[in-house]
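Contents: one structure, followed by commentary.
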Amino acid sequence: MIIILVSEINPSDLTTSIIRTAQEKNLPAKVFYIYKKNEKVIHPGLKTLTLEGSFSAASLQSQIFTGLNLIKLFLFDRPNALYCSGRIATIFGIFLARICLIPNRVFTRHHGVEIQESGSILPKFLEYLVNRFATKIVAISQLSSEILTNEGVDPKKIELIYNGIDVERGIAVRRLRESDVPGVDQYPVIGVVSRLTQWKGVQYTALAFTRIIELFPNARLEIYGSKMDSFDEISILLSKLPANSYEFYDPDDDIFSKFLRFDLFIHVPVDEDVEAFGLVYLEALATGVPSIFTSSGILREFELESSAITVPFRDSKAIEMAALRLLGNDLKDITPVQISKLEQFDLKKMVDKYLMLLFSSIETFSHSKPH
243 MIIILVSEIN
253 PSDLTTSIIR
263 TAQEKNLPAK
273 VFYIYKKNEK
283 VIHPGLKTLT
293 LEGSFSAASL
303 QSQIFTGLNL
313 IKLFLFDRPN
323 ALYCSGRIAT
333 IFGIFLARIC
343 LIPNRVFTRH
353 HGVEIQESGS
363 ILPKFLEYLV
373 NRFATKIVAI
383 SQLSSEILTN
393 EGVDPKKIEL
403 IYNGIDVERG
413 IAVRRLRESD
423 VPGVDQYPVI
433 GVVSRLTQWK
443 GVQYTALAFT
453 RIIELFPNAR
463 LEIYGSKMDS
473 FDEISILLSK
483 LPANSYEFYD
493 PDDDIFSKFL
503 RFDLFIHVPV
513 DEDVEAFGLV
523 YLEALATGVP
533 SIFTSSGILR
543 EFELESSAIT
553 VPFRDSKAIE
563 MAALRLLGND
573 LKDITPVQIS
583 KLEQFDLKKM
593 VDKYLMLLFS
603 SIETFSHSKP
613 H
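The opening position of the sequence shown corresponds to residue 243 in this note's numbering, with each subsequent residue numbered one higher.
Put into structure tokens, the structure is as follows:
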């Protein structure tokens, strides 16, 4: 039996797909969730799953209580393995599983280098501990694997499993776009799907849009993502524009449907190693929406050819010029990426690899191998 411990689930989180498939196959796993501070509502994706229980990390007292309960759980259940996803779950789970001598301790490294570059000693130390105490770390891209190696992780401990997207859904959206489905906005819609934090670079897109709208006064900027440390800066940049020319939206579970609205998509992280993967790159490429990117995360491994335009990091002028070129007359010059290039990132393949990694040491798994 394994224990799966998760935290910080978001609308694009892939962990729910892994858990759902494991439960559909009746694989021996117990799932627990850790609530972070100010998290009031359980994520909709988890409501369809069977949870054994949940813990809180909202205060120091609740964190102590959670730690004691996890120790009790590990000692009484004696699982063969623990899998953690999410920073809070990983810190609690890997450290306490090591103390309780759980033999297989696995977590997924979802982030890039922001912790190492933050300057904060405690987060760096905690990251060092979980890297040291884990028996296997899932890297979600070659870049993620390189970062772990640079942090001193033994390469034998690293397992590369690419994040996955629903390729079939993306291609379906692409076909709808190609058929010019009725209801798509008549004015150019520029889309952004990203948390509003500095390293995602949305502020550069916002600044570019303030100039784009001078030549395309009917253009509209739609931003989908959690409001974080760059929200105020972005809001100030856009506040000088007509109120109907931009809109902020909360994160959405069904982001593929939003690509039907977009005439142009922009995703421009500020450096090559801040995006550990960048799922939205692949989602945009699958749907065929003309896109402007900076080359971070998985895009460093992907041959774009004429499937999108790449621009330098932190360069609003380059974003502006690329957008004006595409909106002017070159939208049709973007060639959708070949489906065969996306197949290695198929969600089902990702899930199968996780299940094989997590359950391969359990005897009952041999009777329920994923297909």
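From the three backbone atoms N, C-alpha and C, an ideal C-beta is built for every residue, glycine too.
query                                                                                                                                                        : result
My assumption, with CB atoms under 8 Å, is that GLY433 sits in contact with ARG503. Please give the rounded CB distance.                                     : 7 Å
Quick one: residues in its chain with C-beta nearer than 8 Å to the C-beta of LEU315, no 5 flanking neighbours on either side, listed in chain order?        : ILE245 and PHE274
Rounded to a whole number of angstroms, what is the C-alpha to C-alpha distance between THR577 and TYR446?                                                   : 25 Å
In the DSSP assignment, what are the bridge partners of ARG351?                                                                                              : ALA381
If you draw a straight line from the C-alpha of PHE473 to the C-alpha of LEU438, how long is it?                                                             : 6 Å
If I measure Cβ to Cβ from LEU599 and keep anything under 8 Å in the same chain, skipping five residues before and after, which residues do I get?           : VAL348, LYS378, VAL380, GLU401 and ILE403
If you follow the beta strand (DSSP E) that ALA271 is in, where does it begin and where does it stop?                                                        : 271 to 277
Hey, out of GLY520, GLU388 and VAL435, whose CA is closest to ASP492's CA?                                                                                   : VAL435
Is DSSP giving ASP408 helix, strand or coil here?                                                                                                            : coil
Would you kindly work out how many angstroms separate the C-alpha atoms of LEU449 and PRO532, rounded to a whole number?                                     : 20 Å
Closest to LEU566 by CA distance: which of VAL431, GLY309, ILE382 and LEU457 is it?                                                                          : LEU457
Taking C-alpha atoms, which residue in LYS366, CYS342, ILE454 and VAL593 lies nearest to PHE318?                                                             : CYS342
When you compare each of ARG417, PRO511 and SER249 to THR536 by their alpha carbons, which one comes out closest?                                            : PRO511
Note the first and the last residue of the continuous beta strand (DSSP E) segment covering ILE245.                                                          : 244 to 249
Would you mind working out which of ASP396, LYS366, LYS469 and PHE451 sits nearest LEU463, comparing C-alpha positions?                                      : PHE451
Contact criterion: CB-CB distance below 8 Å. Does LEU541 meet it with respect to chain C?                                                                    : Among the chains in the structure shown there is no chain C, since it carries only a single protein chain.
State the CB to CB distance for the pair TYR523 and HIS509, rounded to an integer number of angstroms; the pair is presumed to be in contact (CB under 8 Å). : 6 Å
Which same chain residues end up closer than 6 Å to GLN305 when comparing Cβ atoms and leaving out the 5 residues on each side of it in sequence?            : ALA299
Have a look at the DSSP bridge pairing and note the partners of SER296.                                                                                      : TYR275
Closest by CA to ILE313, which one among LEU338, THR290, ILE251 and ILE276?                                                                                  : LEU338
Using CA coordinates, which residue listed in ASP396, PRO397 and ALA461 is at the minimum distance from ALA485?                                              : ALA461
Hey, would you say ASP471 sits closer than 8 Å to GLN440, going by beta carbons?                                                                             : yes
In this structure, does DSSP put ASP588 in helix, strand or coil?                                                                                            : strand
Quick one: Cα of LEU597 to Cα of GLU562, how far?                                                                                                            : 44 Å
Secondary structure at SER602, three-state DSSP: helix, strand or coil?                                                                                      : coil
Which class does ASN346 belong to by DSSP, given the choice of helix, strand or coil?                                                                        : strand
Quick test of your reading: GLY412 and THR529, contact by CB under 8 Å. State the CB separation rounded to the nearest angstrom.                             : 5 Å
Helix, strand or coil: which one does DSSP assign to THR552?                                                                                                 : strand
Express the C-alpha separation of LEU483 and LEU247 in angstroms, rounding to a whole number.                                                                : 45 Å
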